[in-house]
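Number of protein chains: 2
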Amino acid sequence: MEDVGTALAETSLPAISPLHGEPIERADAERLAGVLKALADPARLRLLSLIQSAPEGEACVCDLTAPLGLSQPTVSHHLRILTEAGLLEREKRGVWAYYRLVPSAIGAIADLLTPPRKRATKKAAR
Amino acid sequence: MEDVGTALAETSLPAISPLHGEPIERADAERLAGVLKALADPARLRLLSLIQSAPEGEACVCDLTAPLGLSQPTVSHHLRILTEAGLLEREKRGVWAYYRLVPSAIGAIADLLTPPRKRATKKAAR
DNA sequence: CAACAGCATTGATTCGCCTGCATATCTGCA
DNA sequence: TGCAGATATGCAGGCGAATCAATGCTGTTG
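Going line by line, the protein sequences match chains A and B.
Taking the working numbering, the leading residue of the first sequence gets 1, the next gets one more, and so forth.
Taking the working numbering, the leading residue of the second sequence gets 1, the next gets one more, and so forth.
This is how it looks when you write it as structure tokens:
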């Protein structure tokens with residue numbers, strides 16, 4: 001894969017939504033799918049949940065392996081994917097690497113999936 | 001896979017969110033991941049988008065193969081997955097099968113991903 | 001009734017991903 | 001400098017998914 005990280009970070013994940021106006025294009029669909037793919041995994045969902053509920057809203061790898069029941073390399077791998085998708089941010093303090101959520105990124109996804117308010121009108125006008 | 005269809009339909013996709021309170025459990029993570037996996041595909045995102053923007057908010061398979069550039073069996077396959085995930089509903093009229101969105105289902109996902117309003121306070125109190 | 005059109009299903013192929021093991025890298029400390 | 005603990009990366013096995021061609025099914029039409 002290329003750089004899914006920038007997919008959500010800045011430019012990408014544009015204001016277009018698959019549930020609003022005209023059909024999205026292939027490139028946009030692939031970008032959005034890339035980010036959703038990062039979310040669509042039980043281990044990664046649990047990671048996000050664990051980090052979010054951690055004392056300071058952050059957690060290091062060593063705190064996450066046990067609750068997940070996965071090996072340290074595997075956990076590190078999933079955290080990498082989530083970070084590259086723009087859903088997590090990493091901060092290294094000393095020997096430990098602390099991860100925390102990026103609320104705006106997750107919010108952006110939620111917005112894209114939120115159908116327009118009462119916008120059920122069909123464009124049958126054509 | 002078992003019945004991802006019921007995953008969103010009724011009981012499943014409970015009120016728990018991976019981004020709110022305490023960490024979600026493994027079973028919940030797998031259910032949510034199952035639905036997200038249905039979304040995390042470019043072809044399926046484009047299908048949802050095409051159907052949503054269709055004249056009556058509905059479309060049949062024959063209208064979808066060309067814009068997607070995929071074979072009819074493949075399109076049918078994706079529609080099946082989306083329907084089983086509870087994101088689409090199917091209605092057969094004559095020889096045609098019309099698909100349309102299930103807004104509540106997609107809204108439910110969006111709600112789960114929407115962080116609590118201004119709830120950024122950490123529970124470090126513990 | 002026969003021929004045809006729209007969809008779904010099956011089988012086969014290819015590709016990607018999740019996982020763990022082994023190993024490399026980095027940081028702090030003696 | 002050398003050692004130990006915390007993370008990251010490479011590699012490989014195995015499972016699941018995406019796709020298409022071929023086939024079956026159902027309703028429509030002549």
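Note that the Cβ used here is the ideal one computed from N, Cα and C, for glycine as well.
Practice problem: My understanding is that A:G34 touches A:R100, with C-beta atoms under 8 angstroms, so please give their C-beta distance in whole angstroms. | Solution: Counting from one through the first sequence, the residue named residue 34 of chain A turns up at place 34. Counting from one through the first sequence, the residue named residue 100 of chain A turns up at place 100. The Cβ separation is near 21 angstroms, so there is no contact.
Practice problem: Report the residue ranges of all beta strand (DSSP E) runs contained in full by the stretch 21-67 of chain B; include only those spanning at least 3 residues, in chain order. | Solution: 58-60
Quiz item: Hey, does B:D63 have any beta-carbon neighbour from chain A nearer than 8 angstroms?
Solution: Working through the second sequence from its first residue, we reach residue 63 of chain B at position 63. Cβ-Cβ to chain A under 8 angstroms: no for B:D63.
Quiz item: Whose CA, out of A:T114, A:I106, A:G107, lies closest to the CA of B:P103?
Solution: The sequence position of residue 103 of chain B within the second sequence is 103, counting from 1. The residue with the shortest Cα to Cα distance from B:P103 is A:T114.
Quiz item: How about B:E91: is its C-beta nearer than 8 angstroms to some C-beta of chain A?
Solution: In the second sequence, residue 91 of chain B corresponds to position 91, counting from 1. No - not a single Cβ of chain A is within 8 angstroms of the one on B:E91.
Quiz item: Heavy atom of the ligand COA less than 7 angstroms from the Cβ of A:D111, yes or no?
Solution: By its list of ligands, the structure shown contains no ligand whatsoever, and the ligand COA lies outside what it can speak to.
Quiz prompt | Closer than 8 angstroms at the beta carbon, the chain A residues around B:S76 | solution = As a position in the second sequence, residue 76 of chain B is number 76, starting the count at 1. The premise fails here: B:S76 is roughly 19 angstroms from chain A at the closest Cβ pair, so nothing lies under 8 angstroms.
Quiz item: Taking buried to mean at least 16 other C-beta atoms within 10 Å of its own C-beta, is B:Q72 buried or exposed?
Solution: Counting from 1 along the second sequence, the entry for residue 72 of chain B is found at position 72. Classification of B:Q72: exposed, given that the 10 Å Cβ count is below 16.
Practice problem: Find the nearest neighbour of B:L47 within the set A:L45, A:K37, A:E22, A:R44, judged by alpha-carbon distance. | Solution: The residue given as residue 47 of chain B occupies position 47 in the second sequence. Out of A:L45, A:K37, A:E22, A:R44, A:E22 has the C-alpha closest to the C-alpha of B:L47.
Quiz item: Is it true that the CB of A:A29 sits closer than 8 angstroms to the CB of B:L45?
Solution: Position 45 of the second sequence, counting from 1, holds the residue named residue 45 of chain B. Position 29 of the first sequence, counting from 1, holds the residue named residue 29 of chain A. Cβ distance < 8 angstroms, so B:L45 and A:A29 count as in contact.
Exercise. Helix, strand or coil for B:A85, going by three-state DSSP, please let me know.
Key: Looking up residue 85 of chain B in the second sequence gives position 85. Coil, per DSSP.
Exercise. With 8 angstroms as the threshold, decide whether the Cβ of A:R100 is near any Cβ in chain B.
Key: Against the first sequence, residue 100 of chain A aligns to sequence position 100. No, because no Cβ of chain B sits closer than 8 angstroms to the Cβ of A:R100.
Exercise. Compare the C-beta of A:I81 with all C-beta atoms of chain B and state if any pair is closer than 8 angstroms.
Key: Numbered from its first residue, the first sequence carries residue 81 of chain A at position 81. Cβ-Cβ to chain B under 8 angstroms: no for A:I81.
Practice problem: Would you kindly work out how many angstroms separate the C-alpha atoms of A:P18 and A:L112, rounded to a whole number? | Solution: The residue given as residue 18 of chain A occupies position 18 in the first sequence. The residue given as residue 112 of chain A occupies position 112 in the first sequence. Between A:P18 and A:L112, the C-alpha separation is close to 7 angstroms.
Quiz item: Using DSSP with H/G/I as helix, E/B as strand and the rest coil, what is B:L113?
Solution: The residue given as residue 113 of chain B occupies position 113 in the second sequence. In the structure shown, B:L113 sits in a helix (DSSP, three-state: H, G or I).
Quiz item: In chain A, what lies closer than 7 angstroms to B:A66 by C-beta?
Solution: Within the second sequence, numbered from 1, the residue matching residue 66 of chain B stands at position 66. By Cβ distance, chain A contributes nothing, its closest Cβ being about 12 angstroms from B:A66, past 7 angstroms.
Quiz prompt | Inter-residue spacing [alpha-carbon to alpha-carbon] between B:I51 and A:L79 | solution = Counting from 1 along the second sequence, the entry for residue 51 of chain B is found at position 51. Counting from 1 along the first sequence, the entry for residue 79 of chain A is found at position 79. For B:I51 and A:L79, the distance between alpha carbons rounds to 34 angstroms.
Self-check item: Inter-residue CB distance, B:A40 and A:K37 (contact presumed, cutoff 8 angstroms)
Solution: Counted from its first residue, the second sequence places residue 40 of chain B at position 40. Counted from its first residue, the first sequence places residue 37 of chain A at position 37. B:A40 to A:K37, Cβ: 4 angstroms. Contact.
Practice problem: With DSSP as the reference, label B:G5 as helix, strand or coil. | Solution: For the purposes of this step, residue 5 of chain B is taken as the residue at position 5 of the second sequence. Unreliable placement is indicated for B:G5, whose pLDDT of 40 sits below 50; the coordinate value is still reported in the next sentence. Note: B:G5 maps to helix in three-state DSSP.
Exercise. Output, in sequence order along the chain, the residues in the stretch 28-46 of chain B whose CB is closer than 7 angstroms to any CB in chain A.
Key: A29, E30, L32, A33, L36, K37, L39, A40, D41, P42, L45, R46
Self-check item: Straight-line gap, B:V61 to B:I106 (C-alpha atoms, nearest Å)
Solution: Working through the second sequence from its first residue, we reach residue 61 of chain B at position 61. Working through the second sequence from its first residue, we reach residue 106 of chain B at position 106. Their backbone Cα atoms lie some 21 angstroms apart in a straight line.
Quiz prompt | Contact set between B:A110 and chain A, taken where Cβ atoms lie within less than 7 angstroms | solution = Within the second sequence, numbered from 1, the residue matching residue 110 of chain B stands at position 110. Under the 7 angstroms cutoff, chain A gives A110, L113, T114.
Quiz item: From A:I109, A:R26, A:S53, pick the residue whose C-alpha is nearest to that of A:A85; which is it?
Solution: Within the first sequence, numbered from 1, the residue matching residue 85 of chain A stands at position 85. Ranking the options by Cα distance to A:A85, first place goes to A:I109.
Practice problem: Pick helix, strand or coil for B:L79, following the three-state DSSP scheme. | Solution: Taking the second sequence and counting its residues from 1, one reaches residue 79 of chain B at position 79. In the structure shown, B:L79 sits in a helix (DSSP, three-state: H, G or I).
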